[in-house]
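The structure under discussion appears below in the form of structure tokens.
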Amino acid sequence: MQTTLGTPTASAVLFFLIIVALTLAVTFWAARRTRSTREFYAAGRSVSPLQNGLALAGDYMSAASFLGIAGLVALRGYDGMIYATGWLVGWPALMFLIAEPLRNLGKFTFADVVAFRLRQVPVRVASAFGGILTLLFYVLAQMVGAGNLIRLMFGLSYEWSVVSVGAVMLAYVLFGGMIATTWVQIIKAILLLFGVSLLTVIVLAQFHFSLGELYGAVATRYGTAALEPGGLVTDPVDAVSLGLALMFGLLGLPHILMRFYTVPDARAARDSVLYATGFIGYFYLIIPIVGFGASALVGREVIGRIDSGGNMAAPLVAELLGGTPFLGFIAAVAFATILAVVAGLTLAGASALSHDIFTQAIRKGRASEAEQIRIARMATVLFGVVAVVLGILFKGQNVAFMVGLAFAIACSANFPPLLLSIVWRRFNTAGAVCSILAGAVLSVTLILLSPTVWVDLFHNSAPIFPLRNPAIVSMPVSFLCAIVASLVTREPDAEARFDDEKLRTYLGIGAE
Amino acid sequence: MTRQLKTAHEQLESAEFRQLVRRRWRISLLLTALLFLTYYGYIILVAIDRAFLSRRIGTFTTLGIPVGAAVIVIAWILTAVYVVWANRHYDAEVARLRRQLETR
């Protein structure tokens, strides 16, 4: 098929400008409401459960889910669906294990919870380290993806694509803080859900609204293997390890955890997870239909030729069925998707630097509001600039594994201390620091030695560590380090304060 | 009925508070176990018995397709079960225990 991908069409530019104008208008409105730290970091804790559910979905559903899973299903068939399920199952675990205690115990960041009854300086610094490491790998993958996608869709050069994402995103976070970020994420979630729903309906209309007919068309063209589990998941240990990283990584993603402080109380936090799980689950249920549709209607050859990862499957099927205007709309939605995720990551990175390191560790909590806001804005610029520079430095590199790495670090370095600080009286400073360091170092090292990097990227003949994702090793080791280090040291203060913590965890007494 | 007023320490030691915490974790861990069974069961099934999920249930549709979709739907239902339980029972109990403290 002929495609206008890569050339800036009038409709793509128009939708793009509408989205940028709308989100900047929201930012202008939000900027006048962003004066205190409570507003900058937590949107004044006034976000409703439905709004937060949408914003969580907008924070989480990245271009990798939208374009990546559609592409994976288009090129690899059923295997893409297996991935789609993995991206959802963290949400119930987040609900059952940490959502409400997190809301009751924290103020602005997940480190507030880890450090609740422990020694502030070491725990804050270690938690911020684990958090920022997670965010850096995550934002790097987003930025490189943004550069490639926007180049493919609007014809802008890679460097200008990365810089433009960085500039627009910085405007949201810098001036509008969490209020603007929340609304950008809500707008993005609505656009994405609407766009993908429309695409699904248009695809299904080609097959008389019969899924069986769609699967038949795929099977006729590419054989029945497209509808069967293929070679992507073969080793059960590796598959479970990836599953653990996806599930528990969510419970350690700083930008997601931070959103729980934007709602008034634990009940609102709980309700917002149900909304988010509904939106995200619906999204992952319908996105394979788009992928199969692209496979049957556009064809794997065309999709693979334009982008070997298949990322253009959804835009291409949109163009085939809805013409250039629909392609322009879907391209703009992909752009909004990246912006909203990167804004969330930047705000979380800035809060780790300014709230955890500066205010709590350096100033011991004694900084004026004006000073905290000033530092928060400086940290935002710093994190945003680092993200843009990293994005440009890694041009042309294969960074697909970095999202997996971010999830591995999150589940190994951030999640264990967070859970143990909530449930275990004997957990102490030594345990927290040891588990964060062990989790971070081990997950990074094992990924470097894994088939993903050691063989695929460094072209060695055999991996030193056999698994593609290290979570099944690094997460238990992190828990073990936390338990051993806590048991060999005593911290009577931390144990004594566990009672106060319990009243706040379960009854919400003293929650901010 | 006269209301029992308690200090924070008495509340922590009370049978009611302990039961609240115990019940909350019993429900959470039960649902987490069901989630594990659903998701890791599915993943392991994919890895070890591809033939099972490749069975045809329609002209072309394989069993794997509805099973994969069911994992997502079950995950959402488990979340909903927790939220409904917590909104109905947990919150009511929390409000009662808080009143015992606040009216001191």
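Chains as they are written, first to last, in the working numbering: chain U, 2 to 513; chain S, 68 to 171. Just so you know, even glycine gets a beta-carbon here, dropped at the ideal spot from N, CA and C.
Practice task
Give a yes or no on whether the C-beta atoms belonging to U/A353 and U/I133 are separated by under 8 Å.
Solution key: When the beta-carbon positions are compared, U/A353 and U/I133 come within less than 8 Å of each other.
Handout entry: Start and end residues, alpha helix (DSSP H) containing U/L504
Key = Here the alpha helix (DSSP H) through U/L504 covers F499 to L508.
Practice task
Spell out whether any CB of chain U is found under 8 Å from the CB atom of S/G108.
Solution key: no
Exercise for the section: Kindly indicate if chain U contains any beta-carbon less than 8 Å away from that of S/R171. Expected result: The predicted position of S/R171 is uncertain, since its pLDDT is 46 and thus under 50; no value can be drawn from it.
Exercise for the section: State yes or no: is the beta carbon of U/R222 nearer than 8 Å to at least one beta carbon in chain S? Expected result: no
Problem - CB contact check: U/P477 to chain S, cutoff 8 Å - result: no
Practice task
Taking the CB atoms as reference points, tell me whether U/L252 and U/L438 lie closer together than 8 Å.
Solution key: no
Handout entry: Contacts around U/P265, its chain only, beta-carbon distance under 8 Å, and the 5 residues preceding and following it disregarded
Key = R46 and S47
Handout entry: For S/R123: DSSP bridge partner residues
Key = DSSP output for S/R123 lists S/T129 as bridge partner(s).
Exercise for the section: Check whether the Cβ of U/M82 lies closer than 8 Å to any Cβ atom in chain S. Expected result: yes
Handout entry: Cβ-based contacts, 7 Å cut-off: residues of the segment 265-289 of chain U near chain S
Key = R268, R271, D272, V274, L275, T278, G279, G282, Y285 and L286
Exercise for the section: Would you verify that the beta carbon of S/L145 is, or is not, closer than 8 Å to some beta carbon of chain U? Expected result: yes
Practice task
Might you give, ordered along the chain, the residues of its own chain that have their beta carbon closer than 8 Å to the beta carbon of U/V514, omitting 5 neighbours on each side?
Solution key: Any answer about residue 514 of chain U is impossible in this case: the structure gives chain U only from 2 up to 513.
Practice task
Would you mind working out which of S/L168, S/Y149 and S/E80 sits nearest S/R93, comparing C-alpha positions?
Solution key: S/Y149
Practice task
Could you round the C-beta distance between U/V424 and U/A388 to whole angstroms and report it? I think they count as a contact, below 8 Å.
Solution key: Not quite, the Cβ-Cβ distance comes to about 34 Å (not below 8 Å), so this is no contact.
Handout entry: Endpoints, alpha helix (DSSP H) assigned at S/H76
Key = A75 to E80
Exercise for the section: Assign U/G224 to one of three DSSP states: helix, strand, or coil. Expected result: coil
Exercise for the section: Grab the span of the alpha helix (DSSP H) containing U/W30 for me, first residue to last. Expected result: A11 to A32
Exercise for the section: Determine the contact status of U/L447 and U/S475, defining contact as a CB-CB distance below 8 Å. Expected result: With respect to U/S475, U/L447 sits close: the two C-beta atoms are nearer than 8 Å.
Handout entry: Rounded straight-line distance, which links the Cα of U/A269 to that of S/R155
Key = If you take the alpha carbons of S/R155 and U/A269, they lie about 14 Å apart.
Practice task
Out of U/A56, U/E513 and U/A168, point me to the one whose CA is closest to U/A190's CA.
Solution key: U/A56
Problem - Residues that U/D500 contacts on chain S, provided the C-beta gap is smaller than 9 Å - result: A75, H76 and L79
Handout entry: Which listed residue (U/Y84, U/R427, U/T24 and U/S63) has its alpha carbon closest to that of U/D494
Key = U/R427
Practice task
Under 7 Å Cβ to Cβ from U/I187, same chain only, skipping five residues before and after it: list those, please.
Solution key: Q52, L55, A56 and G59
Handout entry: Host alpha helix (DSSP H) of U/H1 (start-end)
Key = Residue 1 of chain U lies beyond the stretch modelled for chain U, which goes from 2 to 513, so this question has no answer here.
Exercise for the section: Going by CA-CA distance only, name the one from U/T225, U/L157 and U/R34 that's closest to U/Y79. Expected result: U/T225
Practice task
Answer with yes or no whether the minimum CB distance from S/A82 to chain U is below 8 Å.
Solution key: no
Handout entry: Neighbour list for U/M96 in chain S, Cβ cutoff strictly below 8 Å
Key = T146, Y149 and V150
Practice task
Check the Cβ of S/R165 against every Cβ in chain U and list those closer than 9 Å, keeping chain order.
Solution key: L508, G509 and I510
Handout entry: Completely contained alpha helix (DSSP H) runs for the segment 425-494 of chain U, where each covers 4 or more residues
Key = 430-449 and 472-489
Handout entry: Neighbour list for S/L120 in chain U, Cβ cutoff strictly below 9 Å
Key = Y79, E229 and P230
Practice task
Return the first residue and the last residue of the alpha helix (DSSP H) that U/A277 is part of.
Solution key: A267 to L298
Exercise for the section: Might you give, ordered along the chain, the residues of its own chain that have their beta carbon closer than 8 Å to the beta carbon of U/T86, omitting 5 neighbours on each side? Expected result: Y285
Exercise for the section: Identify, in the order they occur along the chain, each residue of the same chain with its Cβ nearer than 7 Å to the Cβ of U/Y139, setting aside the five sequence neighbours on each side. Expected result: Within the same chain, L346, V404 and A407 come within 7 Å of U/Y139 by CB-CB distance, once the 5 residues on both sides are set aside.
Practice task
Flag this pair as yes or no: are the beta carbons of U/F249 and U/A100 separated by less than 8 Å?
Solution key: no
Practice task
Return the chain-ordered list of same chain residues with a C-beta closer than 8 Å to the C-beta of U/G91, the five sequence neighbours on each side being excluded.
Solution key: L247, M248, F249, G250, L251 and L252
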